[in-house]
Amino acid sequence: SSPIKGNYAMLMALKKTYPDLKIIPSIGGWTLSDPFFSFTDKAKRDVFVASVKRFLKTWKFYDGVDIDWEYPGGDGQAADLGDPIKDGPAYVALMAELRAMLDELEAETGR
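Note that the UniProt record's numbering has the sequence shown beginning at 1, numbered continuously upward.
Set out below in structure tokens:
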């Protein structure tokens with residue numbers, strides 16, 4: 001009878017049964033890190049951070065987010081991507097911006 005089916009319904013049921021359970025989505029990984037390399041552009045990071053916030057507000061059973069950028073600076077699956085000079089500072093900026101957003105979200109939601 002729930003409008004939400006499948007894995008999301010199962011995750012929501014687990015969180016309801018075990019409220020202290022931490023459920024954190026992972027974004028990126030070996031095959032899905034290509035978009036991160038555009039994050040040397042602050043405007044693109046801003047869109048990403050806002051999207052993560054909207055996602056976490058929509059799916060309230062999540063407790064944070066894991067960023068799996070493989071790898072800042074290059075040497076990941078897509079050999080032509082990565083900037084050894086710009087990616088490090090972009091990664092640090094992304095983490096700081098996500099942290100600020102998560103702190104803001106906690107102030108709004110109490111979580």
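Virtual Cβ for every residue (Gly too), placed ideally from N, Cα, C.
* Specify the secondary structure class of G28 as computed by DSSP and reduced to three states. => Locating residue 28 in the sequence shown gives position 28, where the first residue counts as 1. Strand.
* **Simplified DSSP state of D68, which is helix, strand or coil** => The count along the sequence shown starts at 1 and reaches residue 68 at position 68. In this structure, D68 counts as strand in the three-state DSSP scheme.
* Can you tell me which of the three DSSP states D20 falls into? => Here residue 20 corresponds to residue number 20 of the sequence shown, with the count starting at 1. Looking at D20 - three-state DSSP - the assignment turns out to be coil, as it is neither helix nor strand.
* Backbone CA spacing between D34 and A79 [nearest angstrom] -> Taking the first residue of the sequence shown as 1, we reach residue 34 at position 34. Taking the first residue of the sequence shown as 1, we reach residue 79 at position 79. C-alpha separation (whole angstroms): 10 Å.
* Does the Cβ of P3 have 16 or more other Cβ atoms within 10 Å, making it buried, or fewer, making it exposed? -> As a position in the sequence shown, residue 3 is number 3, starting the count at 1. P3 is exposed by the Cβ-count criterion.
* Compare the Cα-Cα distances from A13 to each of F36, A50, Y62 and T109 and report the closest residue. => Counting from one through the sequence shown, the residue named residue 13 turns up at place 13. Residue Y62 is the option with its Cα nearest to A13.
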